[in-house]
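For reference, the structure is listed below as structure tokens.
Numbering (this note's numbering), first residue to last: 770 to 1054.
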């Protein structure tokens, strides 16, 4: 049975923080960025991961992009990351880096290099945008590296690059979006979040959930550049906090839409992380 995602006591319990906790209790998220002039998406995601409650967040970028990030980030930390060898070394040395995000603004070549190194570490990992498209010509290669701590967060176009048959079946109506997502999660061996007004989520064990941002819960102002990067950052932050991939995906989808509704008309992606405190207050946190 597919669960409809709503705000309830279980969600509040997942999001609450202990009174005696410190930042390292809530994880350290690492967001990989692309080169100079391409870092906006990573910054949006990193800000969202921090706002949703990750204890620490670091953006890892090529050295030429560090100055650009430094001019715009404060609470989010920075580290140079030239190549996949360096990423493996970083993840080997620092076990506290417990949640990774790859894809937003990375560029196809950098994503193709970095994704295998990230998946090798078997940390909780979100793959979005370029980290999905980089394997469009050989999805089986990606599937062979994925593990059950991964969340894929494609929109329908990206979904079709990895799962063309399932995307076509969803388009022609022979499968619902939930059914297509469940088959994708089974094939990939990880959690899949298929973005849309009705966001479908499925785990590799067969759990399914649906978040409906339609009718009275519609969030049409999410149709703006960068909103998907914020969603991937929210999910990454929740993974850093210790939520399971399926919990992080479902809770993240609800928070993302709730933040958009809290702001309303005129929303741009930079506004979304800043609305999370209001959403948390409305939940009684």
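All C-beta atoms, glycine included, are put in the ideal place defined by N, C-alpha and C.
- In the structure shown, residue 868 falls within a strand segment according to DSSP collapsed to helix, strand and coil.
- Only residues of its own chain outside the window of five on either side were considered, and among them 990 have a CB closer than 8 Å to the CB of residue 1034, listed in chain order.
- For the 8 Å CB-CB criterion, residue 957 and residue 921 form a contact.
- DSSP places residue 873 in the coil class of the three-state scheme, outside both helix and strand.
- Fully contained in the stretch 782-809 are the following beta strand (DSSP E) runs of length 3 or more, in chain order: 797-801.
- Taking C-beta separations shorter than 7 Å and ignoring five residues to either side along the sequence, the partners of residue 793 in its chain run 824 and 865, following chain order.
- Less than 8 Å separates the beta-carbon of residue 814 from that of residue 1005.
- Around the beta carbon of residue 867, 16 or more other beta carbons sit within 10 angstroms, so the residue counts as buried.
- In terms of Cβ geometry, residue 947 and residue 986 do not form a close pair [threshold 8 Å].
- Each residue's CA atom was taken as its position, placing residue 838 and residue 782 some 34 Å apart.
- Partner residues in the beta bridge of residue 772, as assigned by DSSP, are 978.
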